[in-house]
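Here the structure is laid out as structure tokens; the discussion comes afterwards.
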Amino acid sequence: MPIPIVNSIASWFLKKRFHQIELFLKYPNEVQNELLLNLIDIAKDTEIGRQYDFASIKNYKTFAERVPIKNYDGWQDVIERSRRGESNIFWPSPIKWFAKSSGTTRAKSKFIPVSTESLEDCHYAASKDLLCMYLNNNEDSQLFTGKSLRLGGSKELYKENGTVFGDLSAILIDNMPFWAEFSSTPSSKVSLMSDWEHKMQAIVNETINENVTSLAGVPSWMLVLLNNVLESTGKQSLHDIWPNLEVYFHGGVSFSPYIDQYKKILPKKSFKYYEIYNASEGFFAIQDQNNSSELLLMLDYGIFYEFIPMDIYATSEEKAIPLNEVKLNQNYAVIITTNAGLWRYKIGDTIRFTSLSPYRIKVSGRTKHHINVFGEELIIENAEHALKKVCKRTNAEIVDFTAAPIFMEGKEKGAHEWLIEFKTPPSDIHYFNELFDNALKSLNSDYEAKRYNNITLNKPKINIARTHLFHDWLKQNDKLGGQHKVPRLSNTRDYMDDLLKLNS
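Going left to right, the sequence shown walks through residues 1 to 504 as UniProt numbering numbers them.
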């Protein structure tokens, strides 16, 4: 079939979906309430459904009163049972896949259930909707005259007790419908390669002679790949390699640290960037306007949303509210109930609403301090546990610390910079750093992946803080006493740069 005909058919098919989207734009709360009652009815005969008597729940109020809010630690035991092959625990259809992501206090890695329903009605539906939004806003697009260069995870899928686990991207690629395989590059075989260095060169070899019209992937990983493409071809601009390249679909980490670097290698003013908000637990929001930083909350993917105002999060007054009670420009922790059997689950993200008609959001951060500039999802528990282990090994004592990213510059990889005030310093800071790096790898599988052969992250950089540095900084900023403290982990360099100046 000639490519122009494929382009026309695909565009027509995807634009039809826009009429369904208009339904939840017009009746958002009705769509969400109907979705919740449907999920409850489907799961009423599961173990969780019987425990909370889903059969008698007829409205949101009863659901919220009866079913507790939990994070992954609260779900870990039943998820492990499901991974071992037990069925009908929290969702009636068999759970064949588990998306592996970075862990929590109790576990190095999380294993998020992925049902057939969530695969089809959430993840794949969202991929099609993303294209639908883009085509609706760019009617002269030639997206389907070429291929999408997709960059997934670097791990294979692993079978265990009849179930499969691995990166979400690997699960999606492995189950991808034929139309997506036909319009994508590299091949699934290359996409699922586990050795990142060999995979990187294989992607370059497969894609440089393709007609690539779009890019899709996490900004940090994608930037490494694109710099390799330029280095391999000797070109300065990606448009010299792929002249029809028109859009980059990105998500997973904040794009703001990378935008200037992307504009250097993609200098056409007409080139577009479209952001998505997804996680192993589901696909939540899509940029629905050109040149916008706001994301449309998608309300018909089998996910019911609740929100906890951050000013009462983790307090005795903590209480979730439904969508129809949210307010503009207030930070909320996101709670989801899904068609993969997660019930009132804390995903750990915070968002704020920029519009209530329709419901548009911006991702504002995490419920805990973290660094996730490169997709490493380093949380405070990882850092504190690693430092405790290393201090014990080196007989060191720590007063305080903070950490921030070193952003990628050109071909230079990113890293984490640490500023540590010791009460008793280690005898060899380089040995301390080596142990610390290895401890973080052992505690966080995503950090371990990004550090593999320095492919995205270089070794941590540790600065020794002078005595009383953190005290002096707090005093200088009128923050002594009470609950004030320097954030341990930050996605920006604001605190770090300020402290380093004071430390010099």
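All residues carry an ideal CB built from backbone N, CA and C; glycine is no exception.
Helix, strand or coil at residue i according to DSSP, with G and I counted as helix
i           : result
residue 245 : coil
residue 12  : helix
residue 510 : Nothing can be reported for residue 510, as the shown portion of the chain is limited to 1 through 504.
residue 390 : helix
residue 164 : strand
residue 206 : helix
residue 507 : With the chain represented from 1 up to 504, any question about residue 507 goes unanswered, as that position is not in the structure.
residue 49  : helix
residue 253 : coil
residue 458 : coil
residue 1   : Any reading at residue 1 needs caution, since the residue's pLDDT is 46, under 50, leaving its predicted position unreliable; the model's value is listed next. Residue state, collapsed to three classes: coil.
residue 218 : coil
residue 356 : strand
residue 495 : helix
residue 321 : strand
residue 88  : coil
residue 483 : Because residue 483 sits at a pLDDT of 43, beneath the cut-off of 50, its placement in the model cannot be relied upon, and the following sentence gives the value as read from the coordinates. Residue state, collapsed to three classes: coil.
residue 44  : coil
residue 192 : coil
Per-residue burial, residue i [other beta carbons within 10 Å of its own, 16 or more giving buried]
i           : result
residue 50  : exposed
residue 355 : exposed
residue 338 : buried
residue 256 : exposed
residue 20  : exposed
residue 186 : buried
residue 444 : buried
residue 416 : buried
residue 333 : buried
residue 146 : buried
residue 340 : buried
residue 357 : exposed
residue 279 : buried
residue 84  : exposed
residue 312 : exposed
residue 198 : exposed
residue 240 : exposed
residue 267 : exposed
residue 436 : buried
residue 22  : exposed
residue 315 : exposed
Residues that DSSP places opposite residue i in a beta bridge
i           : result
residue 113 : 98
residue 83  : Per DSSP, none; premise fails for residue 83.
residue 349 : 366
residue 303 : 338
residue 177 : In the DSSP output, where bridge partners are listed per residue, residue 177 has none listed.
residue 380 : DSSP output for residue 380 lists no bridge partner at all.
residue 141 : Answer is none; residue 141 lacks a bridge partner.
residue 475 : In the DSSP output, where bridge partners are listed per residue, residue 475 has none listed.
residue 333 : 308, 350
residue 184 : 148
residue 397 : 424
residue 212 : 147
residue 59  : DSSP, once it has assigned bridges, lists no residue as partnering residue 59.
residue 159 : 164
residue 70  : 345
residue 469 : Looking at the DSSP assignment, residue 469 forms no beta bridge with any residue, so it has no partner.
residue 463 : 419
residue 21  : DSSP, once it has assigned bridges, lists no residue as partnering residue 21.
residue 297 : 285
Close Cβ partners of residue i (< 8 angstroms) along its chain, the five nearest in sequence each way excluded
i           : result
residue 276 : 126, 130, 249, 250, 251, 283, 285, 286, 287, 295
residue 373 : 220, 253, 254, 257, 405, 407, 414, 491
residue 93  : 115, 116, 117
residue 380 : 368, 369, 370, 488, 489
residue 216 : 148, 149, 150, 151, 248, 249, 250
residue 429 : 462, 464
residue 290 : 137, 138, 272
residue 227 : 265, 410, 411
Sequence-distant residues of its chain with Cβ nearer than 7 angstroms to residue i (five each side left out)
i           : result
residue 469 : 421, 499, 502, 503
residue 331 : 310, 350, 352, 364
residue 54  : 40, 43, 44
residue 112 : 98, 99, 101, 280, 281
residue 301 : 121, 122, 125, 126, 282, 283
Residues near residue i in its chain [Cβ-Cβ closer than 6 angstroms; skip 5 each side]
i           : result
residue 427 : none
residue 229 : 204
residue 450 : 374, 376, 456, 457
Proximity test, residue i beta-carbon vs the ligand ADP heavy atom, cut-off 8 angstroms
i           : result
residue 403 : Looking at this structure, you won't find the ligand ADP or any other ligand, since it has none at all.
inquiry  = Which runs of the alpha helix (DSSP H) at least 4 residues long sit entirely within the stretch 401–454? Give them in chain order.
reply    = Complete alpha helix (DSSP H) runs here, min 4: 429–443, 445–451.
request  = Could you name each continuous beta strand (DSSP E) segment of 3 residues or more that falls completely within the stretch 253–295, going from the start of the chain to the end?
outcome  = With a minimum length of 3 residues, the continuous beta strand (DSSP E) runs that stay inside the stretch 253–295 are 272–279, 282–286.
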